[in-house]
Each structure stands twice: as structure tokens, then as C-alpha cells.
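Trainee:
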Amino acid sequence: MPQFCPTVTIGSGIRYTEVIDPKFRNCSVYLQFYVPRSAETVSAYSMLKDLLSLASKAYPTQAALSLRLESLYASGVSAGISACGDYLVFSLTGNWLDDRYTLEGESITNATLDVILGCLLNPNAENGAFEEKLFRYCKQNLLDDIDCEINDKRGYALRKLAELTYAGEPSAVSLLGTKETAEQLTPESVYAVWQEMLRTADIDIVAVLPEQKPQLQVRLTEAFSGLARRPITLTFEQPSPCKEITAEAEEQMPVEQCKLCMAMKYPTVDYDVIWMLNFLLSGTTSSLFFSNVREKRSLCYYCASRNNWMKHTIVIDSGVKTEQLEEAKAAILEQIDILRAGTFTNEQMTECCLMLEHAFRTMFESPKGTASYVFTQHEAGKERSVEEILAARRAVTREQIMEAAAALQLDSVWVLRTAEPSNEQEGAE
Amino acid sequence: MRTTVHTDAKTGDQYTQVFHPSGLEIRVMECKGYQTAYALFGTRYGSINTRFRLSPTDAFTEVPEGIAHFLEHKLFENEDCDVFSKFNALGAYANAFTSFDRTAYLFQASRAFDEALEILLDFVQQPYFTEQTVAKEQGIIAQEIQMYLDEPSDRLFYQMLEGLYHHHPVKIDVAGSVESIAKITPELLYRCYDVFYNLHNMVLCVAGNVTMEQVLAVADRVLKPAKPSMLESAFLPEPVEIVRSFVSRKMAVGKPMFSIGFKSKPEKGMELCRAGLVAQLMLQLLAGRSSALYQHLTAEGLVNEAFAVYPFAGDGYFTLVFEGESDNPQAVLDAILAEIEHCKTHGFDADHFSILKRASYGERVRNSNKPEPAAMNLLGAFIVGIDSPFAESRILAELTLKDVQACLCERLQADKVCLSVVEPE
Numbered sequence: 176m177p178q179f180c181p182t183v184t185i186g187s188g189i190r191y192t193e194v195i196d197p198k199f200r201n202c203s204v205y206l207q208f209y210v211p212r213s214a215e216t217v218s219a220y221s222m223l224k225d226l227l228s229l230a231s232k233a234y235p236t237q238a239a240l241s242l243r244l245e246s247l248y249a250s251g252v253s254a255g256i257s258a259c260g261d262y263l264v265f266s267l268t269g270n271w272l273d274d275r276y277t278l279e280g281e282s283i284t285n286a287t288l289d290v291i292l293g294c295l296l297n298p299n300a301e302n303g304a305f306e307e308k309l310f311r312y313c314k315q316n317l318l319d320d321i322d323c324e325i326n327d328k329r330g331y332a333l334r335k336l337a338e339l340t341y342a343g344e345p346s347a348v349s350l351l352g353t354k355e356t357a358e359q360l361t362p363e364s365v366y367a368v369w370q371e372m373l374r375t376a377d378i379d380i381v382a383v384l385p386e387q388k389p390q391l392q393v394r395l396t397e398a399f400s401g402l403a404r405r406p407i408t409l410t411f412e413q414p415s416p417c418k419e420i421t422a423e424a425e426e427q428m429p430v431e432q433c434k435l436c437m438a439m440k441y442p443t444v445d446y447d448v449i450w451m452l453n454f455l456l457s458g459t460t461s462s463l464f465f466s467n468v469r470e471k472r473s474l475c476y477y478c479a480s481r482n483n484w485m486k487h488t489i490v491i492d493s494g495v496k497t498e499q500l501e502e503a504k505a506a507i508l509e510q511i512d513i514l515r516a517g518t519f520t521n522e523q524m525t526e527c528c529l530m531l532e533h534a535f536r537t538m539f540e541s542p543k544g545t546a547s548y549v550f551t552q553h554e555a556g557k558e559r560s561v562e563e564i565l566a567a568r569r570a571v572t573r574e575q576i577m578e579a580a581a582a583l584q585l586d587s588v589w590v591l592r593t594a595e596p597s598n599e600q601e602g603a604e
Numbered sequence: 016m017r018t019t020v021h022t023d024a025k026t027g028d029q030y031t032q033v034f035h036p037s038g039l040e041i042r043v044m045e046c047k048g049y050q051t052a053y054a055l056f057g058t059r060y061g062s063i064n065t066r067f068r069l070s071p072t073d074a075f076t077e078v079p080e081g082i083a084h085f086l087e088h089k090l091f092e093n094e095d096c097d098v099f100s101k102f103n104a105l106g107a108y109a110n111a112f113t114s115f116d117r118t119a120y121l122f123q124a125s126r127a128f129d130e131a132l133e134i135l136l137d138f139v140q141q142p143y144f145t146e147q148t149v150a151k152e153q154g155i156i157a158q159e160i161q162m163y164l165d166e167p168s169d170r171l172f173y174q175m176l177e178g179l180y181h182h183h184p185v186k187i188d189v190a191g192s193v194e195s196i197a198k199i200t201p202e203l204l205y206r207c208y209d210v211f212y213n214l215h216n217m218v219l220c221v222a223g224n225v226t227m228e229q230v231l232a233v234a235d236r237v238l239k240p241a242k243p244s245m246l247e248s249a250f251l252p253e254p255v256e257i258v259r260s261f262v263s264r265k266m267a268v269g270k271p272m273f274s275i276g277f278k279s280k281p282e283k284g285m286e287l288c289r290a291g292l293v294a295q296l297m298l299q300l301l302a303g304r305s306s307a308l309y310q311h312l313t314a315e316g317l318v319n320e321a322f323a324v325y326p327f328a329g330d331g332y333f334t335l336v337f338e339g340e341s342d343n344p345q346a347v348l349d350a351i352l353a354e355i356e357h358c359k360t361h362g363f364d365a366d367h368f369s370i371l372k373r374a375s376y377g378e379r380v381r382n383s384n385k386p387e388p389a390a391m392n393l394l395g396a397f398i399v400g401i402d403s404p405f406a407e408s409r410i411l412a413e414l415t416l417k418d419v420q421a422c423l424c425e426r427l428q429a430d431k432v433c434l435s436v437v438e439p440e
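Top to bottom, those sequences are chains U and X. The first sequence maps to residues 176 to 604 in my numbering. The second sequence maps to residues 16 to 440 in my numbering.
#1: Could you compute how far the alpha carbon of Asp97(X) sits from the alpha carbon of Ile187(X)?
#2: Just the chain X side, please: which residues come within less than 8 Å of Leu242(U) by C-beta, in chain order?
#3: Provide the residue span of the alpha helix (DSSP H) that contains Ala290(X), from first to last.
#4: What are the boundary residues of the beta strand (DSSP E) that includes Cys202(U)?
#5: Of all the CB atoms in chain U, is at least one closer than 8 Å to the CB of Lys431(X)?
#6: Per DSSP, which residues does Val365(U) bridge with? Please list them.
#7: Determine contact between the segment 329 to 340 of chain U and the segment 373 to 384 of chain U, defined as no fewer than three beta-carbon pairs at a distance below 8 Å.
#8: Which value, in whole angstroms, describes the spacing of the CA atoms of Leu12(X) and Cys433(X)?
#9: Mapping DSSP to helix, strand and coil, what is Arg264(X)?
#10: Mind pulling the chain U residues with CB within less than 7 Å of Lys151(X)?
#11: May I ask you to list, following chain order, the residues of the segment 478 to 503 of chain U that have a beta carbon less than 8 Å from some beta carbon of chain X?
#12: Within 8 Å (strictly less), CB to CB, does Ile351(X) reach chain U?
#13: Between Ala396(X), Phe368(X), Ile398(X), which has its C-alpha nearest Glu413(X)'s C-alpha?
#14: At which residue ranges does the segment 323 to 391 of chain X contain complete alpha helix (DSSP H) runs of 4 or more residues, listed in the order of the chain?
#15: By the DSSP assignment, the beta strand (DSSP E) with Leu384(U) in it spans what residues?
#16: Could you check the C-alpha separation between Arg481(U) and Phe75(X) for me, to the nearest Å?
#17: Hey, is Leu278(U)'s beta-carbon within less than 8 Å of any beta-carbon in chain X?
#18: For the segment 539 to 557 of chain U against the segment 389 to 399 of chain U, do three or more pairs of beta-carbon atoms, one drawn from each stretch, fall closer than 8 Å, so that the two count as touching?
#19: Name, in chain order, the residues that DSSP records as bridge partners for Thr18(X).
#20: Does the CB of Gln158(X) have a neighbour CB from chain U at under 8 Å?
#21: Which value, in whole angstroms, describes the spacing of the CA atoms of Pro181(U) and Cys424(X)?
#22: Distance cutoff 8 Å, beta carbons only. Does Asp137(X) sit that close to anything in chain U?
#23: Quick check: is the beta carbon of Ala238(U) nearer than 8 Å to any beta carbon in chain X?
#24: By alpha-carbon positions, which one of Phe122(X), Arg126(X), Phe128(X) ends up nearest to Val139(X)?
#25: Would Val444(U) be called buried (16 or more neighbouring beta carbons within 10 Å of its own) or exposed?
#26: At a CB-CB cut-off below 8 Å, which residues of chain U make contact with Pro386(X)?
#27: Between the Cα of Glu159(X) and those of Glu562(U), Cys475(U), Arg569(U), spot the shortest distance and give me the residue it belongs to.
#28: Is the CB-CB distance between Arg66(X) and Glu77(X) below 8 Å?
#29: Does any C-beta atom of chain X lie closer than 8 Å to the C-beta of Gly602(U)?
#30: So which residues on chain U does Leu164(X) lean against when the C-beta distance must stay under 9 Å?
#31: Name the chain U residues that come within less than 7 Å of His278(X), Cβ to Cβ?
#32: Since Ala254(U) contacts Ser266(U) with CB under 8 Å, what's their CB separation in whole angstroms?
#33: Is DSSP giving Ala10(X) helix, strand or coil here?
#34: Mapping the DSSP letters down to three states, classify Glu247(X) as helix, strand or coil.
#35: Please classify Met439(U): does DSSP put it in a helix, a strand, or coil?
#36: Tell me, please, whether the CB atom of Asn213(X) is closer than 8 Å to any CB atom in chain U?
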């Protein structure tokens, strides 16, 4: 089991947690910057993930930075953005081979830390603007990403559902932004957003290491000490109001399979109860969706649900045939009725807890999973041990689930519908 | 039982290989510090094995495309219950997958490992197919196939393989088509099961918090001895030449996508393992993120962050792939061909080669002691016919610049390339 060191504050609004687990052969440091999710800045953050991970002042081109990382036994620097309720999370991750495994026994920890911190705090920029050539490349990447959102039909459908479900709320904002907001970005405007992030983001850092590396906390503390910090205060739980009349929308595309997406909202419900409810729906291969919608009725290959506790919303999605759309929707809602009626088995509830126990153990088998456990605890705002979480979920009763299910309301439905039979055109030379 | 202990000279990792009297090969790697164990019960049977015979005097049997994948789905259903429920009751995660050259059933457990292993070995040895259950599965798999038909990267890749391969079934979707799976019957499933699920054609790979003694105790109890078979899975002769140099289609995508494939000589066994490693390094030198070609392509705005290179190889096929998104795929191909010629003439940089070799070592060492990748590596080595995945470390250490240069000259030929494009509607 990993050894979790107490979380310490290493700067204003900057938490640092070190986790030691000798079974790992690599060292990993995960930095998460929580910032407001707003249509005005999402495109800039999306671009920053490339600007801060493809080059730095010391290694000003992608080739130079790649070569440096490759020379350090394929050390890695990567960045990404994700949603966390009404916030956006900008993540920067660094990882490197533990010094014990280098070929000549040389230490690469400090050299890799130089590269990681250089990317974050000394990017390829000067005079308040990112370097023009790098900026142009990253901007084109962003525009391409926005264009290519439709390539992943399932992801596209879920994004469109989010726009409908959270209309008027920050959670409706696409993480990439729009072509218009991306086109307006300049080397100066993105630089300003980067500066704003360093000054105002709530920062959570987790290092997962095979052995103590005291220099890491020291280096991180020093790196952030020069910033005039004014961190924002986070309120993760911001329930989305349920619509009085279910919102429905659809789009047509030349696709083979329709995508059916539904959002159900709930009032304040105990977190462990709603977790169990969601897991009964689609957490295991004995779950209601898998058993009844897929296996018994052959309506789909996948039917999944996920719970967004920060927005009090459960999102359900499935890929189905056009002619079975209504049947699939009805079958999905029937599973909610099963929860309301309490006609699920004790075995299904027990299996949820067993799979959760397994999921925790699996989580600690990777540095990323270990770090995500820490982040999730911090976001939930209450630190509970694995045993405490398991005990709380085992204590959830059938009646509590029935009550929570009764409160679920269908908020919105979004469908990606097949426009017409596919019309493949092939050419050959 | 013949038992061999294999050791990785660099990391000290060890795994034990046992040839069980039942005919099954068992590979176990203990991973210190990990709480879970990952088990894979695999067979050398994938989507490419559509033509086979059991005796050199027999005629070849041909079966519908996608049947290996269909069989994988159906094995989870026993006569009396759904196998998943048995794993769920133990709190073990179970799944399975089929690829071009293998099918594997797996579970990951953090408790009750012995019971879960017994379920795994038992259910894979007990096929149960009926008209009714086959019909039910045809509906589910048809949805899976349709989902993949909407995946532009899948269409792009298979289209490229169709441009390269005349006969080899690697060009066929792993899941087959809605039409081909409609031809599958319980009788055909039993036939394929009997042929490919012979324990002599299979392997059990386990890695994690587990010992060989634990595994053998269950194997001794559950495995039903099998007679060796004379299985021959063969392909129609594949010409060296490609089918066509350009293939395209339109789909709902945001930007043109390309996949450039170079057809080259297939390899087997240890030579396949070695050739794959050499090709991987060579492609990184030629077109990886630190290469001159990648710098040129990005500077010209010809590719974006989606650009990737990798070798794709198995029984009877060996392709080197360059893929990504571009408004001008033909210009990307032209630049790649020009750089290939340049490197053939001027050679790769020795220092760059050393750095990439070290990077490759670092990538390998990091994950080699984790249960899931360790078990997957053990399975991968079995499928290509080599005793130990640790052979890769030794091969990598011995690779020279000359090897990589030779790979470039032999495997990247301008007349063996197909450009596959998916364009926006």
C-alpha cells in the first residue's frame, strides 16, 4: 500500500501531497490548476496545454525539448485540460525513470525537474507574449481539435448533451471553446491567461515516488514562491436546476449508429447513496443496463451512466439503431423504475461494494490512480480512508436507493440521428 | 513438468514458464509490492485465422469473417449462468478481447484469486452455443460493428490495409461485418472452438500478487488434458506488390485524416520480435518528435499533434505506418519519401540513435513490473512464438545503427506504399 504523507501548504492556495510507494519504478508529479470555466478563456487554456508542454525557454522548439526528454530515458512532460463541475482543470504532469534504474546509475531527478518547471514557469515567451512560430503551430492545433470534435461521435454527442443540460451554466462551455474564440487568441492574450492562472488558480500538487526525494518539495516551494498569489476559492458542489419540461434536441449526421444521451438530475442526496445508485445502473457486468438493456434485449453494445455529483446529474449514453431509439430510451427508463421499485437484488448491491473494493486496490497499482485518489479526496472536501468509504457504501440501504431514484428527473435528451444510409465513396489510382 | 526460470539481466525481473501435462503452457511473474493479480487465458486465434486444417492431407476449412471475435463474446455464456456474475460475486473484474492474431480471456483480482482462476479456466473449457444465444449475440455485435464503422480512424486504417494486402485477412475488420456474422451458426462456433481452443495452442499468463504454486494448484485441478493437434492456420499466398497506392472515402470528420502504410517482408518468431524493435527505433529516428522530418512537417503546417508512427506486424504481415491529420496528405507523403531517400543516402545520426535507444530502454523498464503490462508481455511473446519477453531487452541492448539503417533501406520502399485518406463529407 502506498504511504500517504500529510498534505502541506507550500504557498498561498497551493497544496502538496507526497505519496511513497517503493513498487513503482518511475517518479511522477501531477500539478492541477483549478480555474473558472468560462467561454472567454477556455480556448486560451486549451492552447496553453500545448504551449507549456511542447517547448520552453531552455528548449525553445518541440524537437529540442523532445530530444532533451529522450536523453533523460524518455522522461515525460504532458499537459491537459478537463472539467471538474463548473471549473476547468489545467493539468501538467511530469514523470521520469527512478534513478535506481538508469544504465550507469546516474541521477536524472534534478535534470528532469529542471525541464518540468522550465516548461511551466519559463516557457518560450518574452515581452509578455509567446514566441510567434510556436504560437502559430499551437493555434492551428487548437483549431484542428475544434474541427475534429465531430470525429468522436460518442464524445461529440455527450458534449452536445452538456450544452443542453447545463445551458447558461459554466458546465455548458466546451473545453476547447469555439472557432471564434480560438481565432481571436493572440500571443499576448494567451500569455496573460497563463499569468492569471499562475496568480489565481487553486493549485493541488501530488507527487508519487518510489522513495523519498526531499528536493522535490523544496524545488516546488521555491518555484512558486516568487508569484504574487491571489487564489480563487472553490465551491465544487453547484447543483444544476432541473428543467420543468424535459429539453430535447437532435442532430443528423451520416452515421451508421445513433447516439442516445440523457441527463437526469437529483436534489440533494447523500453522496454514497447516489454513488451506489449509479453503480447499480452501470458499474458492473451484473448492472441493470448491461443485464437488461444489452444482454436481455440486445438493444446496444454499450449503455453507460456516470454521476456528476458536483452538478447533481447522472448522464446516460448508448449507441443504438435508429429504429430502436424509442425502445432503447424506454428500456433505459425502465431500469430507473426498477431502482424506484427496489426490485434489484441483494447480490447486485453486494457486488457493487466488492467491485469498489477492487477498484480501490487497482487504483493504487499505478501512480496516476494513486494521485487521482488524492485529488478526488480534496475535491470532495472531506478526507476519508478507503475503509471509511467502503463502510459508508456498504451501509447504504435499499430504501435509500429507492428514495434517491424516486427523486431522479429526466432533464434533457440529445440524439445524434442517422441522416441517411452511409454513402461511401472510394477512389483509386 | 518442464520448468524454466527466465530473468531480465537489466531489471532482475523473473518469470517462470511451465509446460503443464494438460498441454497448456503456463507463465507466471510475481510482481513485488502489488496487491492485484492479472490473469490472461489466451489462444493463438484471432481475426486473421479464417482458413485452417488439422491434417496436411485435409482440405482447408474457411469460416466467416469475425468468427473469432463472436466466439469470444459467446464463451461468457454458460449453460447454467452468465460467467460475469461469478466473477462479480468475487469482486474480480473480468473481460476478454480479440485482435488480429489472438483471443484472450482475463480477470484482475485483489482477493479470492484462486477461485477466480478456477472460474476462468473452467468457463473457457466449457463452450455452450445454441441457435437462440447466437441470434441474441448477432444483435449486440451488429451494434458493436456499426459503432466502429463510425470511427474514422478505424476506417482509415483498414482502408490502408486494403490498399496493401491482396489476400491477407489482416485487412478485414476484427469483428467482421453485419453480413458475415449473420452466417455464424452454433456448429461453426463449435468447430472453431475445437480447433483453436486446444490447450496446446493456448497459454495462461499471470502476473502480480501470485505464485506459480498457487496457479498450478488450480491448473492441476481444473485443466482437462488435450491431445496435441496438427493445426495449420494458413493464408493464401500474398504478393509482394501492393493493391493500390491511393484509397479515399468521405466521412463526417472535421479535417482530412491520412494513414500511410509501407508494406514490407513479414517475419516470424524471434526475428519478428527483433524486426519490430528495429522498425520502432528507425521510425522514431526518421519521423519521431525529435526528427528533422517532424520539424519540417510541422513548420510547413502539414501535420499537427495527431501525427504518429509505428510498426504494425504479425503472422504474415509487416507494415510501417505514418498517420495523422493534414489538409494535404499527398504533400506529407512526398515529404516522407524525400526524407527516406535523404536518410538512405546520408545515414542517421549516431548520437540521435544512442539517445533514442536509451529512451526506449527507459520506457520498457518503467512498466515491466506492473501486473497488467507484464501479463500482456508474457502473452505477446507466446503469440509470436518466443519463450520470454525479456528477450526484447537483450535485443535492444545489442541493436546497432547499422541495423536501423538496414531496416530503413529494406522496409521503406517507394513502390510499396499506400496513402489512405478520409476526407470530410
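We put the CB at the ideal spot given by N, CA and C, even for glycine. All values derive from a computational prediction rather than experimental measurement.
Mentor: In short:
#1: Sequence index remark: in the second sequence, residue 97(X) carries index 82 (1-based). Sequence index remark: in the second sequence, residue 187(X) carries index 172 (1-based). Between Asp97(X) and Ile187(X), the C-alpha separation is close to 30 Å.
#2: In the first sequence, the residue the question calls residue 242(U) occupies position 67. In chain order: Ser305, His367, Ile370.
#3: Taking the second sequence and counting its residues from 1, the one referred to as residue 290(X) is at position 275. Residues 284 to 302.
#4: The residue you call residue 202(U) lines up with position 27 of the first sequence. Where Cys202(U) is concerned, the enclosing beta strand (DSSP E) stretches over 201 to 211.
#5: What you label residue 431(X) is simply residue 416 of the second sequence in a count that begins at 1. No - not a single Cβ of chain U is within 8 Å of the one on Lys431(X).
#6: Stepping through the first sequence from its first residue, residue 365(U) is reached at position 190. None, per the DSSP bridge assignment.
#7: no
#8: Residue 12(X) falls outside the range modelled here, since chain X spans only 16 to 440, and no answer is possible.
#9: The residue given as residue 264(X) occupies position 249 in the second sequence. Arg264(X): strand per DSSP, three-state reduction.
#10: Indexing the second sequence from 1 puts residue 151(X) at position 136. Those are Ser473, listed as they occur along chain U.
#11: Gly494, Val495, Lys496
#12: For this step, residue 351(X) is matched to residue 336 along the second sequence. With 8 Å as the cut-off, Ile351(X) does not count as an interface residue toward chain U.
#13: Start at 1 with the first residue of the second sequence, and residue 413(X) comes out as number 398. Glu413(X) has its Cα closest to that of Phe368(X), out of Ala396(X), Phe368(X), Ile398(X).
#14: 344 to 361, 365 to 382
#15: Along the first sequence, read from residue 1 onward, the residue named residue 384(U) stands at position 209. 377 to 384 is the extent of the beta strand (DSSP E) around Leu384(U).
#16: The residue given as residue 481(U) occupies position 306 in the first sequence. The residue given as residue 75(X) occupies position 60 in the second sequence. Each residue's alpha carbon lies about 48 Å from the other.
#17: One-based indexing of the first sequence puts residue 278(U) at position 103. Closer than 8 Å to some Cβ of chain X, the Cβ of Leu278(U) qualifies, so yes.
#18: no
#19: Taking the second sequence and counting its residues from 1, the one referred to as residue 18(X) is at position 3. The partner list for Thr18(X) (beta bridge, DSSP) reads Val33(X).
#20: Translated into positions along the second sequence, residue 158(X) becomes position 143. Answer yes: the Cβ-Cβ gap between Gln158(X) and chain U drops below 8 Å somewhere.
#21: Counted from its first residue, the first sequence places residue 181(U) at position 6. Counted from its first residue, the second sequence places residue 424(X) at position 409. Those two C-alpha atoms are separated by around 56 Å.
#22: In the second sequence, the residue the question calls residue 137(X) occupies position 122. Output row for Asp137(X): interface = no.
#23: Position 63 of the first sequence holds residue 238(U). With 8 Å as the cut-off, Ala238(U) counts as an interface residue toward chain X.
#24: For the purposes of this step, residue 139(X) is identified with residue 124 of the second sequence, where counting begins at 1. It is Phe122(X).
#25: Residue mapping note: residue 444(U) aligns to position 269 of the first sequence, counting from 1. Val444(U) should be labelled buried.
#26: Within the second sequence, numbered from 1, the residue matching residue 386(X) stands at position 371. Within 8 Å Cβ-Cβ: Glu540.
#27: Walking along the second sequence from the start, residue 159(X) turns up at place 144. Of the candidates Glu562(U), Cys475(U), Arg569(U), the one whose C-alpha sits nearest the C-alpha of Glu159(X) is Cys475(U).
#28: In the second sequence, residue 66(X) corresponds to position 51, counting from 1. In the second sequence, residue 77(X) corresponds to position 62, counting from 1. Contact flag set, yes.
#29: Translated into the one-based positions of the first sequence, residue 602(U) becomes position 427. At Gly602(U), the pLDDT of 46 sits below 50, so the modelled position is not reliable; the number obtained from the coordinates is stated separately. By this cut-off, Gly602(U) is an interface position.
#30: For the purposes of this step, residue 164(X) is taken as residue 149 along the second sequence, with counting starting at 1. Residues of chain U passing the Cβ test: Val430, Glu431, Gln432, Ser597.
#31: Taking the second sequence and counting its residues from 1, the one referred to as residue 278(X) is at position 263. Here the sequence assigns Lys to residue 278(X), which means His is not the residue at that position. Correct list: empty, because the minimum Cβ distance to chain U is about 16 Å.
#32: Your numbering for residue 254(U) matches position 79 in the first sequence. Your numbering for residue 266(U) matches position 91 in the first sequence. About 6 Å; that satisfies the 8 Å criterion.
#33: Here chain X covers residues 16 to 440 and nothing more, so residue 10(X) does not appear.
#34: In the second sequence, the residue the question calls residue 247(X) occupies position 232. In the structure shown, Glu247(X) sits in a strand (DSSP, three-state: E or B).
#35: As a working note, residue 439(U) is residue 264 in the first sequence. Note: Met439(U) maps to strand in three-state DSSP.
#36: As a first step, residue 213(X) must be located in the second sequence, where it is residue number 198. Asn213(X) does not count as touching chain U.
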